[in-house]
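**Q** Quick one: the structure is below, and I'll ask about it shortly.
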Amino acid sequence: MTIDWQAFTPWSALAGGALIGLSASLFILANGRIAGISGLLGSLLQRSGDGLDEKALFILGLVVAPLPWILLRGEPTVRFDAGWPALVLAGLLVGVGTRYGSGCTSGHGVCGLARLSPRSLAATLAFMSTGFLTVLVLRHLLGGTP
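Okay, so the sequence shown: first residue is 326 according to my numbering, each after it adds one.
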């Protein structure tokens, strides 16, 4: 494995992580609810519960936030090494996993770990180990792209 040092951007990654943490903190302080994206999106699709306006604005912010970057820096180059069937399957598996895991990576990994939740620690360890194992099997054991 080689590192593309031209694409190595620790400061923008740190700033992005800080913004994610700040938005999750503000959401819980203002609403008393966790900013787990799958839960927010699920409640919007079911149109149940209170605070639908805040939830909708939070999701809208996630969709609109890249626009200033695109206007200032241009559209990033995106490359997928998998075909559409693999991407659709991956998306469906993530969706099923969030239902079985009672939350997504943002709910457990960002908000739950910050609250020192043992359940979120277990879920995050499961997410991460499954990702590591998937890369090991698909890329290294089955001879995919290294």
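Glycine included, C-beta positions come from ideal geometry on N, C-alpha and C. As the structure is a prediction and not an experimental result, all values here were calculated from the model.
Apply the 10 Å Cβ neighbour rule to G432 and answer buried if 16 or more other Cβ atoms are within range, or exposed otherwise.
**A** Looking at its Cβ environment, which holds 16 or more other Cβ atoms inside 10 Å, G432 is buried.
**Q** Can you grab the Cα-Cα spacing for the pair M382 / V389, in whole Å?
**A** Residue identity differs from the one stated: residue 382 is Leu in this sequence, not Met. Answer to the nearest angstrom: the Cα atoms are 10 Å apart.
**Q** G434 and T449: beta carbons closer than 8 Å?
**A** Cβ atoms of G434 and T449: closer than 8 Å.
**Q** Give the straight-line distance between the Cα atoms of L387 and L467, rounded to the nearest whole angstrom.
**A** If I take the Cα positions, the gap works out to 35 Å.
**Q** Quick one: what does DSSP say S337 is sitting in, helix, strand or coil?
**A** S337: helix per DSSP, three-state reduction.
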